[in-house]
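Engineer:
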Amino acid sequence: MGMTITEKIFAAHSGRDVVKPGELVYASIDLVMGTDVTVPLAVEVFNRIGAEDVFDNTKIALVNDHFVPAKDIQAAGLSKSMREFAGKYHIKSYFEVGRSGLCHCIVPESGLVMPGDLVIGADSHTCTYGALGAFATGVGSTDMAASWALGENWFKVPPSMKIIYKGQLPEMVGGKDLILHTIGMLGVEGAMYASLEFAGEIIDQLPLADRLTLCNMAIEAGAKGGIIEPDHKVVEFLNGRSNRQYIMHTSDSDAVYANVIEIDVTHLEPQIALPYLPSNVKPISQVDKITIDQVVLGSCTNGRIEDFRVAAELLRGREVAPGVRLIVIPATQNIYLQMIDEGLLKTFVESGAAISPPTCGPCIGGHMGALGENEVGLYTTNRNFKGRNGHSTSKVYLSSPAVAAASAVTGEITDPRRI
Amino acid sequence: MIRGQVHKYGDNIDTDVIIPARYCTAFTEELLAPHCLEDLDVDFVKKVKKGDIIVAGRNFGCGSSRENAPIAIKGAGVSCVIARSFARIFYRNSINIGLPILESSAAVEDAATGDEIEVDVAIGTITNVTKKKTYQTSPFPEIIQEIIRAGGMVGFARQRIAQKKASAQRTTQPVNK
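For the protein sequence lines, the chains are H and W, in the order given. Per my numbering, the first sequence runs over residues -2 to 416. Per my numbering, the second sequence runs over residues -14 to 162.
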């Protein structure tokens, strides 16, 4: 009996020839990632464990992204704790404000994740790295601290679910629409504990940026990870980023899946997730007229250069509607620079957008654009739980960058093919 | 043995309502507990008494990886969470910090807010004293039982480090003939 790509990665990291879903294994870890919001607690736990040193200072990434630039004195303390830990243990991949970015964008950009890797991160959207053919999953601070000490952790080998996309992708419909539609079909717990393997001709055609978006939101269906078999696009992306050896695993033809779902995307419309669940998804034609107060373009889901190119194209020569705030957040400093070089920032500023430095900020209602009482947002982020983005009465709709840009212009949720 | 009154909630209670990110610049029980569940039930913190039990539906703790969520619940005085199912990161985090959690659809089905429930975590039984019913949950897998016996992940990690050191010493020591 064959194995899926996920099972092969777990087998390779637990010293076995074969693993089966449901088995508990100890597995070695290639990268342990944490952020300013999860590292400080982990530092405390690490000290309580009493380990003499971290397992490998080249396999730990520490990223300033959630509450940076420090939103208040407490947040400054969080970054300070992470900075001191990085210094004490000579952590090679410490990302400081000004040279940082959102963890799930800066980590792949810096060549820290390779195909075949097993990665854990103290951030639930760590599953993003599955787009590179790695298995990556989120954990909490204590698991991160134990992994810093041991270089391993225990895992339950997840069952795999395969989602096959076929047909022809319509214009203005991309990775975000595919994943919102899929989460809508599965529900927020439809892929509980499973590895969601995305496949099919549409995935082959999809740019890596869209694949990262797809894997990023696997957690919103309850999945342990999202994963895509690596191909030449991944190899090209890695070129010049890392010299580390890697293995491009693929799923065997006789691998066993808990479920296989085929989705024909030919007639897929831009998708919208309504408050207060990312699974509360409707095609845009079925969404009533929704007036919005704020649009956020960015996040680890949709803060890449490709996302801003699409949005800028729609905003060029147009203005953000009166009564609407558009906040644009490049996900990394490199993306920021690229936006300057390509003239995208000029387009955004001319249209009336505010540009924020890389930060999770408004996605978690932290800073740089929290929502007030009863306000409505349209965000390219990944979650719209009650109170997540600001006041508990505020509401957030989730969409692609194209829908977000078109809607910023009209002031209501708008199909980008209609402007 | 744990005994307390039930506070019952629905499905998909996410970590953002358990403890909003705006409070997550802190990670101690004292600072987080006063805001536990405030976006879902503003009175929860006033109502909850030490030892009380949260009973909820499916996918409890979905969303963020923030360990601040089980810490806030534990800090509020909650002795145990019983749900139809848990989101996996919340599940691991709770075991790691020593917050007892149990899965039982039947117990959730029958329980109502205000019921008195007794839990024996060691053998996995839940007794609804008010309804006079007992439920048996399936035992935790061996690795998780080891973590629970070690008092959480800190103790467990210490044991693993000691085991690794001992086995490294065994392999490097010359064999006496």
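Ideal Cβ positions, reconstructed from N, Cα and C, are used throughout, including at glycine.
(1) Looking at His101 of chain H: is its Cβ nearer than 8 Å to the Cβ of Asn213 of chain H?
(2) Quick one, which residues of the stretch 111 to 129 of chain H are near chain C if we go by CB-CB under 7 Å, in chain order?
(3) If Tyr126 of chain H sits next to Val136 of chain H, beta carbons under 8 Å apart, how far is it from one beta carbon to the other, in whole angstroms?
(4) Just the Cα atoms here: how many angstroms apart are Pro155 of chain H and Pro355 of chain H?
(5) With a cut-off of 8 Å, does the C-beta of Thr10 of chain W fall near any C-beta of chain H?
(6) Go ahead and pull the three-state DSSP assignment for His20 of chain W.
(7) Out of H:Ile289, H:Val40, H:Asp69, point me to the one whose CA is closest to Arg80 of chain H's CA.
(8) Going by beta carbon distance, what residues of the same chain come within less than 6 Å of Ser248 of chain H, once the five residues before and after it are set aside?
(9) Take the Cβ of Leu271 of chain H as the centre, count every other Cβ of all protein chains shown within 10 Å, and call the residue buried at 16 or more, exposed below.
(10) Residues of chain H with CB under 7 Å from Arg134 of chain W, in chain order?
(11) Consult DSSP for Lys5 of chain H and reduce its assignment to one of helix, strand or coil.
(12) Note the first and the last residue of the continuous beta strand (DSSP E) segment covering Val42 of chain H.
(13) Taking the alpha carbon of Gln(-10) of chain W as the point to measure from, which residue in W:Ala147, W:Glu127, W:Cys65 has its own alpha carbon closest?
(14) Kindly list the residues whose CB is nearer than 7 Å to the CB of Ile216 of chain H, restricted to its own chain and excluding five residues on each side of it in sequence; keep chain order.
(15) Where does Ile287 of chain H fall in DSSP's three states?
(16) On the DSSP bridge assignment, give the partners of Arg322 of chain H in chain order.
(17) Take Lys85 of chain H as the anchor and find which of H:Ser107, H:Glu49, H:Leu109, H:Gly113 has the nearest alpha-carbon.
(18) Would Ala147 of chain W pass as an interface residue toward chain H - the criterion being a Cβ-Cβ separation below 8 Å?
(19) Hey, how far is the Cα of Ala142 of chain H from the Cα of Leu17 of chain W?
(20) Tell me, please, whether the CB atom of Val40 of chain W is closer than 8 Å to any CB atom in chain H?
(21) Where does Val231 of chain H sit, in a helix, a strand or coil, going by DSSP?
(22) In angstroms, rounded to a whole number, what distance separates the CA positions of His388 of chain H and Lys343 of chain H?
(23) Distance cutoff 8 Å, beta carbons only. Does Ala146 of chain H sit that close to anything in chain W?
(24) Whole beta strand (DSSP E) runs in the stretch 332 to 374 of chain H with 3 or more residues, listed along the chain?
(25) Just to confirm my understanding: we take Asp45 of chain W, look at its own chain, exclude 5 residues before and 5 after, and list those with CB closer than 6 Å. What are they?
(26) What are the residues that DSSP puts in a beta bridge with Trp151 of chain H?
(27) Looking only at its own chain, which residues have a Cβ that is under 7 Å from the Cβ of Ala83 of chain H, when we skip the five neighbours before and after it?
(28) Does the Cβ-Cβ distance between Tyr419 of chain H and Asn386 of chain H come in under 8 Å?
(29) Taking only the alpha-carbon atoms, compute the straight-line gap between Val104 of chain W and Lys59 of chain W and give it to the nearest angstrom.
(30) With DSSP as the reference, label Gly(-11) of chain W as helix, strand or coil.
(31) Can you name the residues of chain H whose CB is closer than 7 Å to the CB of Ile82 of chain W?
(32) In three-state DSSP terms, what is Phe419 of chain H?
(33) Counting pairs of beta carbons, one from the stretch 321 to 341 of chain H and one from the stretch 285 to 294 of chain H, are three or more of them closer than 8 Å?
(34) Considering only their Cβ atoms, is the gap separating Leu193 of chain H from Gly223 of chain H smaller than 8 Å?
(35) Strictly below 7 Å CB to CB, what residues from chain H border Ser50 of chain W?
(36) Which chain W residues sit within Cβ distance under 7 Å of Gly47 of chain H?
Structural biologist: Quick answer:
(1) On the first sequence, position 104 is the one that residue 101 of chain H refers to. On the first sequence, position 216 is the one that residue 213 of chain H refers to. Yes. Within cutoff.
(2) Protein chains H and W are contained in the structure displayed, whereas chain C is not.
(3) Position 129 of the first sequence, counted from the start, is the residue given in the question as residue 126 of chain H. Position 139 of the first sequence, counted from the start, is the residue given in the question as residue 136 of chain H. Going by Cβ atoms, the distance from Tyr126 of chain H to Val136 of chain H rounds to 14 Å, so no, they are not a contact pair.
(4) Here residue 155 of chain H refers to the residue found at position 158 when the first sequence is read from its first residue. Here residue 355 of chain H refers to the residue found at position 358 when the first sequence is read from its first residue. Their Cα atoms are separated by approximately 33 Å.
(5) The residue given as residue 10 of chain W occupies position 25 in the second sequence. With 8 Å as the cut-off, Thr10 of chain W counts as an interface residue toward chain H.
(6) Within the second sequence, numbered from 1, the residue matching residue 20 of chain W stands at position 35. Residue state, collapsed to three classes: helix.
(7) For the purposes of this step, residue 80 of chain H is taken as residue 83 along the first sequence, with counting starting at 1. Comparing Cα positions, the closest option is H:Val40.
(8) Taking the first residue of the first sequence as 1, we reach residue 248 of chain H at position 251. If we look at Ser248 of chain H and ignore the five residues flanking it on each side, its Cβ neighbours are Thr1, Ile2.
(9) Along the first sequence, read from residue 1 onward, the residue named residue 271 of chain H stands at position 274. Leu271 of chain H is buried by the Cβ-count criterion.
(10) By one-based count along the second sequence, residue 134 of chain W stands at place 149. Per Cβ cutoff of 7 Å: no residues; Arg134 of chain W is ~14 Å from chain H at best.
(11) The residue given as residue 5 of chain H occupies position 8 in the first sequence. Correct three-state label for Lys5 of chain H: helix.
(12) By one-based count along the first sequence, residue 42 of chain H stands at place 45. Element bounds for Val42 of chain H: not the beta strand (DSSP E) but the alpha helix (DSSP H), 36 to 46.
(13) Along the second sequence, read from residue 1 onward, the residue named residue -10 of chain W stands at position 5. The residue with the shortest Cα to Cα distance from Gln(-10) of chain W is W:Cys65.
(14) By one-based count along the first sequence, residue 216 of chain H stands at place 219. Around Ile216 of chain H: Ser121, His122, Cys124, Gly135.
(15) Counted from its first residue, the first sequence places residue 287 of chain H at position 290. Here Ile287 of chain H sits in coil by DSSP.
(16) Taking the first residue of the first sequence as 1, we reach residue 322 of chain H at position 325. Beta-bridge pairing links Arg322 of chain H to H:Gln291.
(17) Here residue 85 of chain H is taken as the residue at index 88 of the first sequence, counted from 1. Looking at the Cα atoms, H:Glu49 is the closest of the given residues.
(18) Looking up residue 147 of chain W in the second sequence gives position 162. Not closer than 8 Å to any Cβ of chain H, the Cβ of Ala147 of chain W fails to qualify, so no.
(19) As a position in the first sequence, residue 142 of chain H is number 145, starting the count at 1. As a position in the second sequence, residue 17 of chain W is number 32, starting the count at 1. Ala142 of chain H and Leu17 of chain W: Cα-Cα distance of roughly 21 Å.
(20) Residue mapping note: residue 40 of chain W aligns to position 55 of the second sequence, counting from 1. Cβ-Cβ to chain H under 8 Å: no for Val40 of chain W.
(21) Taking the first residue of the first sequence as 1, we reach residue 231 of chain H at position 234. Reduced to three states, the DSSP call for Val231 of chain H is helix.
(22) Here the question's residue 388 of chain H lines up with position 391 in the first sequence. Here the question's residue 343 of chain H lines up with position 346 in the first sequence. Using only the alpha carbons, I get a separation of about 32 Å.
(23) Sequence index remark: in the first sequence, residue 146 of chain H carries index 149 (1-based). Taking Cβ atoms only, chain W reaches closer than 8 Å to Ala146 of chain H, which makes this a yes.
(24) none
(25) Within the second sequence, residue 45 of chain W is the residue found at index 60, counting from 1. Just to set this straight, residue 45 of chain W is Phe in the shown sequence, not Asp. Taken in chain order, the residues that qualify are Ile(-2), Ala68, Phe71.
(26) Indexing the first sequence from 1 puts residue 151 of chain H at position 154. DSSP lists H:Tyr23 as partners of Trp151 of chain H.
(27) In the first sequence, counting from the first residue as 1, residue 83 of chain H sits at position 86. Result list for Ala83 of chain H: Leu59, Tyr91, in chain order.
(28) With chain H covering only -2 through 416, there is no way to say anything about residue 419 of chain H.
(29) Translated into the one-based positions of the second sequence, residue 104 of chain W becomes position 119. Translated into the one-based positions of the second sequence, residue 59 of chain W becomes position 74. For Val104 of chain W and Lys59 of chain W, the distance between alpha carbons rounds to 16 Å.
(30) For the purposes of this step, residue -11 of chain W is taken as residue 4 along the second sequence, with counting starting at 1. Correct three-state label for Gly(-11) of chain W: strand.
(31) Taking the first residue of the second sequence as 1, we reach residue 82 of chain W at position 97. Going along chain H in sequence order, the residues near Ile82 of chain W (Cβ under 7 Å) are Thr139.
(32) Outside the displayed range of chain H (-2 to 416) lies residue 419 of chain H, so it cannot be described from this structure.
(33) yes
(34) As a first step, residue 223 of chain H is located in the first sequence; it is residue number 226 there, counting from the start. As a first step, residue 193 of chain H is located in the first sequence; it is residue number 196 there, counting from the start. A contact, by the Cβ cut-off of 8 Å.
(35) As a working note, residue 50 of chain W is residue 65 in the second sequence. The answer, in chain order, is Thr35, Ala119, Asp120, Ser121, Gly135, Val136, Gly137.
(36) As a working note, residue 47 of chain H is residue 50 in the first sequence. Chain W residues near Gly47 of chain H: Arg143.
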